[in-house]
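Protein chains in written order, with our numbering: chain A, 51 to 290; chain B, 51 to 290; chain C, 1377 to 1773; chain D, 1377 to 1773.
A short write-up of the structure that comes next.
As structure tokens, then:
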């Protein structure tokens, strides 16, 4: 079985729709939830997710977490940049723990904090949360292999330089190259098209992460379409 | 035995001295006499011989020939440029014949009249004179081989571009290269030093031709010195 | 690469719109080797690749050093520098997606020359925005690009909104590389053409790696081991292209990147995210940089005035796998003169930086009587910089 | 060679006083092969010999010809033309007889460039008398010679009696090749130096034969047969050096010597004795000539303005072993442009004459669908002639 990791920005496009998306997507095939914490500094996110952060920048994070905590039935991760928490990481982790989050995913941990990643990793663990590590194709093989063993639940591999922009790449080549280095589960994300999904799964990925596509569907066609997309993706994964 | 060909400009430096040089040089070792006919157009002669022509340009050639005819005991050649005789060659040849010349040597025959050399050669023969052919290193092998068979008495090989100027060359290399092409006797001349003489003889020449050196001796030290040089050259040739 | 957090548009998305798809694919791939397509390979052969690897016997003699010195001579290509290696590849991949016209900017002119000839080889059109002050001071570069069929415009020009706005404010604006690049990108976008990138991006270094790969093979063919590898650094593509194959294959014991003391990026630069280009149109990259707003002094080595160091090279320098050196113009000029008299080749002033480091190293080896082998990349010739050398000699002596 | 009948001095004797002895020996030898001394051979390697033999695939494509086209690229030498081949040899043999200073004249500058660098390579001084009008119009050539350590003087100069006399009559005299040569020879004689000869003499062609010998070997290495050999003719040394080894070894079926229609020596020249040089200081040689007093029009191909054809080449042409062609400047410029766009290399305008003949031949072969192999000598690059190309394009279009 291949994993479907479903991303949604916290409270997007509004609290109710957000909660409905999270609630229903768990029935339609999402295996893991990934919740984006709004920030002005979304270094590795593309324009769609960035603008979603802007639209919800007035929400009360703790309120949203509380509401969310009642409906989550699948492992749930918070996606947040370490740079935003350098001074309050402990408080943030404690709040996550309190509201039933399974773990945290910090996309800048390995890229911008490579020298201290173990320290932060231990810190997350001490707060009894899973630390899911994010890596990109620019991470050297040796480091990628090492951190993949540290990573909890799975290793998150972002195959494009940013989310949601279909930079032409060769997903199969990228995944085939890292697969033998990773003994952990390997989840692939960042701008995946349907074709990409097929090819990364064939290349040995254990699952995929989708985000921008859900937000675009909500924006253009509404919640139902985005939920249909969850179903559709589940179907694709089950067929491969 | 190696041949010594002695050159002297007709009537140089004056009739008497000229005749004395010719007379005595035959006793001192000259095997063949080569008499230069004064001209303003000494294309292949160096400054010494050229200036000797200038100094005697008022002589009466026929008178000089007549005096000469009484004392020559060795084969005697006239050195003259064909260019000077294009219109009166027959008369000139007849005069030579009359005064006991053995033959003629025209240094421009092969170089400037290559297309018609056989015609002129036959012409000389019809006048019952030997035609000694002159070649230089610029004459192609094929032509050199061919004309060496036509040449009477010997083939005259001028190893420098002009007489009397010690252009640095490699006489041995030049002579060794033509020797196998020439079944005739091979006489080498043009600016030979004593060292050159040794090396051309060792390289297979049958003899040498000397001219500028005699004139220079006469000019600087007088007739006796020039006759001593004949003796000296004879000595060198006999030793090699 | 990443986008600035506050950008009004995505630079990464912009790449997507102006670069050939295969170029982007190569930029973001992790393949260790990428096969050169046959048609492109043919063009590399046509321009005289492999370029010669030459023993610098004259320089060795002049220095009386026990070291052996070799140089890979990229100046032997028709356009006179390594730039052609990536210009050809980018043109080819643009053509492959049906584009018949490429656009770029040029400062000193080497890059524009390479692009206009590459376009000519593939029967494509080319448009080059040349910084106005260079356009006026380097007429021969313009003539050469024209002979290759390139359309060369002094930038700021009236061909773009961007240029028009600047000219409105100051009709005598001397131009800058940032302005020329903005014009080129606008022109490419508006006319649905492709924009070619001269250096810094990984993909440019990838294309330049033909230099190092050839050098490795050539050394192997003559049974020679490289101990010390040296190159100059503008954006980093000639140094990277030359040295990375050696570094990756663990051949050699020392790698030296050489910059200009007047553009002190190695000694004074910070390691941080900065725009890859002075116009701020390309994504942010993490590199050693003097800041994309840095205004370089007018040194003769136009190609070394770039504010940063390619991200991969920045990491290697940070990790101490590659050493760096910086020299001033006087030192460079003296090194160039010595090389010219000893080898006859007039080096591009940029490449003379590598020569300066080679000389220093060779003399150091002489002091210790070490018989090591130095190999350096002579990235271009300076025949079109002769008037520069003349001014240099007048200014520096 | 011979002296004029009415000369007040012997030119052959003058050779004796100004040329290195070994040069004279080689001039008058009949050895088929002369061994290159090891020290000289080392310098040939240093300057990048063997120069590349390149398949002109770009030109073939542009002409869509079934013919294969190769060119031997002498422009790949550091000084940019074949001239270095004899400059090195003459400098070496001068040094060998204890001379530390060589002298020559130069017009367009290629020869002076070659001599000044050759002298530098042997740590000798060099003095170059450069025709004043070129000195003023080609500043880059002067800069380059200076970088090589050459002393360059505008001729007429005040360094010689000859120059002083001319300047006394006309202080603004533009100079001529004959005057420059007279000055160089006087200067060499007065200071007991050696004078170097750029072309025409057999010995120069002998040294240039390294071009043809290398080409033969390179063709053999790739299993290719040369059918048609083409080169341009100034004095004849590049053409002779390139083609004689083929002619002598009976390789190839057609040899084409190319001149300028504006200097119509092939079509209008007489076969006769004439001075080898316009100053009348060298011996008479029998050659095809327009007369040593011929005043050539100011065509861009400065190297083709010589009044005669080397004696050996003259014979070969007389004997119909070598064919000739002449083209006008418009035809040359068009050929150069085609070549530049197809191959990237800017040819010297002189060498572009060979290219013009290659194009004609290749199109002829196309018409008859003949798959022959054309090999030509690209005797030099034209990077320092770019402003000439610009004027040409303005004048001819």
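Every residue, glycine too, gets a C-beta built ideally from N, C-alpha and C.
Being a predicted model, the structure only gives us computed values, none of them experimental.
Proximity below 8 Å, CB of residue i to CB of residue j
{"i": "residue 1485/D", "j": "residue 1506/D", "result": "yes"}
{"i": "residue 1508/C", "j": "residue 1532/C", "result": "yes"}
{"i": "residue 1611/D", "j": "residue 1703/D", "result": "no"}
{"i": "residue 285/A", "j": "residue 262/A", "result": "no"}
{"i": "residue 1510/D", "j": "residue 1483/D", "result": "yes"}
{"i": "residue 57/A", "j": "residue 86/A", "result": "yes"}
{"i": "residue 1715/C", "j": "residue 1772/C", "result": "no"}
{"i": "residue 1570/C", "j": "residue 1478/C", "result": "yes"}
{"i": "residue 1698/D", "j": "residue 1631/D", "result": "yes"}
{"i": "residue 1401/D", "j": "residue 212/B", "result": "no"}
{"i": "residue 1675/C", "j": "residue 1645/C", "result": "no"}
{"i": "residue 82/B", "j": "residue 124/B", "result": "yes"}
{"i": "residue 1598/C", "j": "residue 1425/C", "result": "no"}
{"i": "residue 234/A", "j": "residue 205/A", "result": "yes"}
{"i": "residue 1558/D", "j": "residue 1584/D", "result": "no"}
{"i": "residue 1480/C", "j": "residue 1530/C", "result": "no"}
{"i": "residue 250/A", "j": "residue 194/A", "result": "no"}
{"i": "residue 1726/C", "j": "residue 1679/C", "result": "yes"}
First and last residue of the uninterrupted alpha helix (DSSP H) at residue i
{"i": "residue 180/B", "result": "Unbroken run through residue 180/B is the beta strand (DSSP E), 180-185; no alpha helix (DSSP H)."}
{"i": "residue 1551/C", "result": "Run containing residue 1551/C: none; DSSP gives neither H nor E here."}
{"i": "residue 1737/C", "result": "1725-1743"}
{"i": "residue 201/B", "result": "It is not in any alpha helix (DSSP H) - residue 201/B carries neither H nor E in the DSSP assignment."}
{"i": "residue 124/B", "result": "From DSSP, residue 124/B is part of no alpha helix (DSSP H); its letter is neither H nor E."}
{"i": "residue 1404/D", "result": "Neither: residue 1404/D is in no alpha helix (DSSP H) and is coded neither H nor E."}
Beta-carbon separation (whole angstroms), residue i vs residue j, contact threshold 8 Å
{"i": "residue 259/B", "j": "residue 222/B", "result": "Contact flag wrong, Cβ pair sits at about 17 Å."}
{"i": "residue 1419/C", "j": "residue 1471/C", "result": "Actually they do not touch by this definition, with Cβ atoms about 11 Å apart."}
{"i": "residue 1759/C", "j": "residue 1456/C", "result": "7 Å"}
{"i": "residue 1688/C", "j": "residue 219/A", "result": "Incorrect: roughly 18 Å between the Cβ atoms, too far for contact."}
{"i": "residue 141/B", "j": "residue 119/B", "result": "17 Å between Cβ atoms; not a contact."}
{"i": "residue 236/B", "j": "residue 207/B", "result": "6 Å"}
{"i": "residue 247/A", "j": "residue 224/A", "result": "Between residue 224/A and residue 247/A the Cβ distance is about 14 Å, and since that is not below 8 Å, they are no contact."}
{"i": "residue 1729/C", "j": "residue 1617/C", "result": "Going by Cβ atoms, the distance from residue 1729/C to residue 1617/C rounds to 16 Å, so no, they are not a contact pair."}
{"i": "residue 143/A", "j": "residue 84/A", "result": "Actually they are not in contact, since the Cβ atoms of residue 143/A and residue 84/A sit about 16 Å apart, beyond 8 Å."}
{"i": "residue 232/A", "j": "residue 198/A", "result": "4 Å"}
Delimiting residues of the beta strand (DSSP E) encompassing residue i
{"i": "residue 257/B", "result": "257-260"}
{"i": "residue 237/A", "result": "236-239"}
{"i": "residue 1431/C", "result": "1429-1431"}
{"i": "residue 154/A", "result": "153-155"}
{"i": "residue 1753/D", "result": "1749-1754"}
{"i": "residue 1469/D", "result": "Looking at the DSSP string, residue 1469/D is not in any beta strand (DSSP E); the run it does join, the alpha helix (DSSP H), is 1460-1472."}
{"i": "residue 1660/D", "result": "1660-1665"}
DSSP state of residue i mapped onto helix, strand, coil
{"i": "residue 1605/D", "result": "strand"}
{"i": "residue 1529/C", "result": "strand"}
{"i": "residue 1539/C", "result": "helix"}
{"i": "residue 1505/C", "result": "strand"}
{"i": "residue 1711/D", "result": "helix"}
{"i": "residue 1520/D", "result": "helix"}
{"i": "residue 51/B", "result": "coil"}
**Message:** Could you check whether the region 91-103 of chain B touches the region 154-168 of chain B, counting it as contact only if at least three pairs of C-beta atoms, one from each stretch, sit closer than 8 Å?
**Reply:** yes
**Request:** Decide if the region 1601-1608 of chain C is in contact with the region 1739-1756 of chain C; the criterion is three or more beta carbon pairs, one per stretch, under 8 Å apart.
**Result:** yes
**Request:** Please confirm if the region 1646-1661 of chain D is in contact with the region 1715-1730 of chain D, defined as three or more CB-CB distances below 8 Å between the two stretches.
**Result:** no
**Request:** Please confirm if the region 1440-1448 of chain D is in contact with the region 1740-1747 of chain D, defined as three or more CB-CB distances below 8 Å between the two stretches.
**Result:** yes
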